[in-house]
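Chains as they are written, first to last, in this note's numbering: chain A, 1 to 244; chain B, 245 to 507. All C-beta atoms, glycine included, are put in the ideal place defined by N, C-alpha and C. None of these values were measured; they are calculated from a predicted model.
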Amino acid sequence: MQMIVKLYIRDFASPFFSVAFPLGSILLFGSIFGNEPNELFNYQHGSMDAMIPALVGMVIAVNGIMTLPLNLSEFMTNKVYKRFDATPMGKGNIILVQVFVYLLAALLSTVIVIVAGRIIYNINIVGDWFVIIPAILLSCVAIFSMGFFIAAIFKSGKVAQVVSYIVYFLMIFISGATVPLEIMPDNIRTFANILPLTHVVNLLQGTFHGQGIGEQVTAIYILVGIALVCGSIGAMMYRRRKWA
Amino acid sequence: MSERGNNVSILAKVNNLSVQYGTNIAVNKISFDVSAGEIVAVIGSNGSGKTSSMECLGGLRNPSDGTIAVFDKDPQTDRKEIYKQLGVQLQESAYPEKIKVGEICDWFSSFYENPADYEKLLAQFGLADKKKSYTNKLSGGQKQRLSILLAMLGRPKLLILDELTTGLDPEARRSIWEILKVIKSGGIGILLVSHYMDEVENLADRIIFMQNGKITFTGTLAALRNFAQENLHADKWSERMSLEDIYLAFAPQQKTVDLGELM
């Protein structure tokens, strides 16, 4: 596990997009918009109150849709897993450790983003942590299943990488994770509804702002559905292809 | 472990192994074994089924037919178990990028209950000063020595080395030969897939010659010379034939290029 953590840190893009980029976004958008309740959010909360849960969605996506499939498909294409299969460890254990480390990175970055928002802009988290924490975990499971699905379904590592970049950047900009959907035109808002990260952002913003599970049933159903479908197809493809 | 007639233990035994990819039969009912303290070289042209056979032996590929026993265990069902005593260097495999020599040694050591001291092995393999180097910065010869080192970490009884010296300069190849001789003297069995006949002549106790998925000859170099004398046409055979000459006499003829067309 220690080695997978080292490799994660040495891979500049993952820690940058997971920690430095969201912190930079907080400072940049915070300095522009501040955190006073404003018209865009019906004077119920400020820009940073909305931005922090959205950025939590982003750091989950960085680790689940970018880091996870990029590293898995790199190991698969370069036959690194095959070498691990030729040891008593086996590739299955290595994959489990990788998923665990990236999940840990997502959760650690989540804490950093929330704490930074709280300290710098004193964001207002009205919701119950017993609802917020399961919402964060469900978001992780759904997004990581999608990342695993991307790595497992494409035979070529290069294609998997391109697809994960496209999905990631599309979702980052058109899901409300970085740019609020409230300022987007109607047709883009409609399109955003088919992106899983939009539902992650909705769920997180809703629960952070005090909504209960009852008010987020749609997002919860969609995310559970994504986790089940992507997880099971991904696992099936993984078994069939052996990644060797 | 099974015993051979003269009390030598057989480490791996392959019986009627076949590997099929779609309609293509890559390996066709081959049988062989490897014993402790011997180097068995597997030779044959590209596509003759050598790597497929080695991968089946290591449980990395499923055979279509036949049985394999490594340390009396089935590599398909007991893969993790056999790798406690089996070390491999694969023709097609790599290590993660951005990892240092010392780190990968440390990491791979953690996979074994009683690993060898990699500091000693690094010194023995001439890599002690490369401990802090990234693996992708090593030369071809250093990478291959690291590959053997990693295969040796679990104190294996059997080593499978697939095209270990391909692409290396003569000095690097010679240094690897010396390492293999030392390993063999420790009683370890080695299966060596090679395209270099000088290497095979220098190292192999027995030779397995594969052609089109079948084993056409198994035995010592001396036995192969007798076989060639008996089976080659009189005008082809000569006492002075090297192993490479014999190999080429049996290998399928490649179409020769008329250089006039290229000039």
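Looking at chain A, is there any beta carbon in it that lies within less than 8 Å of the beta carbon of residue i?
i	result
B:Met245	Low per-residue confidence applies at B:Met245: pLDDT is 49, beneath 50, and the placement is therefore not dependable, though the value from the model is reported in the following sentence. Cβ-Cβ to chain A under 8 Å: no for B:Met245.
B:Val332	yes
B:Tyr327	yes
B:Leu261	no
Got a sec: does the ligand FAD put a non-hydrogen atom nearer than 7 Å to the Cβ of residue i?
i	result
A:Cys230	This structure does not include the ligand FAD; it has no bound ligands of any sort.
Between residue i and chain B, is there a C-beta pair that is closer than 8 Å?
i	result
A:Met3	yes
A:Arg10	yes
A:Leu137	no
A:Leu23	no
A:Leu181	no
A:Leu7	yes
Rounded to the nearest angstrom, how far is the Cβ of residue i from that of residue j, given a contact under 8 Å?
i	j	result
A:Ile153	A:Met237	5 Å
A:Thr110	A:Val59	6 Å
B:Gln388	B:Ile420	6 Å
A:Leu70	A:Ser164	6 Å
B:Ala367	B:Ala313	With a Cβ gap of about 36 Å, B:Ala367 and B:Ala313 do not count as contacting.
B:Ile452	B:Val286	5 Å
A:Pro185	B:Tyr327	Incorrect: roughly 58 Å between the Cβ atoms, too far for contact.
A:Leu197	A:Gly57	6 Å
A:Thr207	A:Ile112	At roughly 19 Å, the Cβ-Cβ gap does not stay under 8 Å, so A:Thr207 and A:Ile112 are not in contact.
B:Trp194	B:Ala495	Shown here, chain B extends from 245 to 507; a query on residue 194 of chain B therefore has no answer.
List, in order along the chain, the chain A residues whose C-beta lies closer than 9 Å to that of residue i?
i	result
B:Lys401	Within 9 Å Cβ-Cβ: nothing; B:Lys401 doesn't reach chain A, min ~14 Å.
B:Glu336	Lys79, Lys82
What do you reckon, are the CB atoms on residue i and residue j nearer than 8 Å?
i	j	result
B:Pro307	B:Val263	yes
B:Glu282	B:Gly411	no
B:Glu407	B:Gln335	yes
A:Lys144	A:Gly64	Looking at the sequence shown, residue 144 of chain A is not Lys but Phe. Cβ distance < 8 Å, so A:Phe144 and A:Gly64 count as in contact.
A:Ile26	A:Ala116	yes
B:Cys300	B:Leu330	no
B:Arg450	B:Val284	yes
A:Ile213	A:Ile222	no
A:Ile150	A:Ala160	yes
A:Leu181	A:Ser139	no
A:Ile52	A:Ile114	yes
B:Gly457	B:Ser292	yes
B:Ser486	B:Met454	no
B:Lys273	B:Gly310	yes
A:Ile123	A:Met48	yes
A:Val101	A:Ile9	no
A:Gly210	A:Val126	yes
A:Ala192	A:Ala61	no
B:Ser275	B:Ser253	no
B:Leu382	B:Leu390	yes
B:Tyr339	B:Ser353	no
B:Phe269	B:Val332	It should be noted that the sequence gives Ile, not Phe, for residue 269 of chain B. No.
B:Gly398	B:Pro359	yes
A:Val141	A:Ala227	yes
A:Phe148	A:Leu28	no
B:Arg417	B:Glu443	yes
B:Lys465	B:Leu447	First, the residue type needs correcting, since residue 465 of chain B is Leu and not Lys in the sequence shown. Their beta carbons are not under 8 Å apart, which means B:Leu465 does not touch B:Leu447 by this criterion.
B:Glu347	B:Asn380	no
A:Ser175	A:Val201	yes
Using a C-beta to C-beta distance shorter than 7 Å, which residues of chain A count as neighbours of residue i?
i	result
B:Lys324	Pro88, Gly90
Taking CB distances under 8 Å as the criterion, tell me whether residue i reaches chain E.
i	result
B:Glu407	The structure shown contains no chain E; the protein chains it does contain are A and B.
The stretch 65-86 of chain A: which residues have C-beta closer than 8 Å to a C-beta of chain B, in chain order?
Glu74, Phe75, Asn78, Lys79, Val80, Lys82, Arg83, Asp85, Ala86
Please list, in chain order, the residues of the stretch 86-111 of chain A that have any C-beta partner in chain B closer than 8 Å.
Ala86, Thr87, Pro88, Met89, Gly90
Near-chain A residues of the stretch 338-372 of chain B - C-beta to any C-beta below 9 Å
Ala338, Tyr339, Pro340, Glu341, Lys342, Ile343, Glu347, Ile348, Asp350, Trp351, Phe352, Ser354, Phe355, Tyr356, Glu357
What residues from the stretch 301-316 of chain B come within 7 Å of chain A, judged by C-beta to C-beta, listed N to C?
Here the close residues are Gly302, Leu304.
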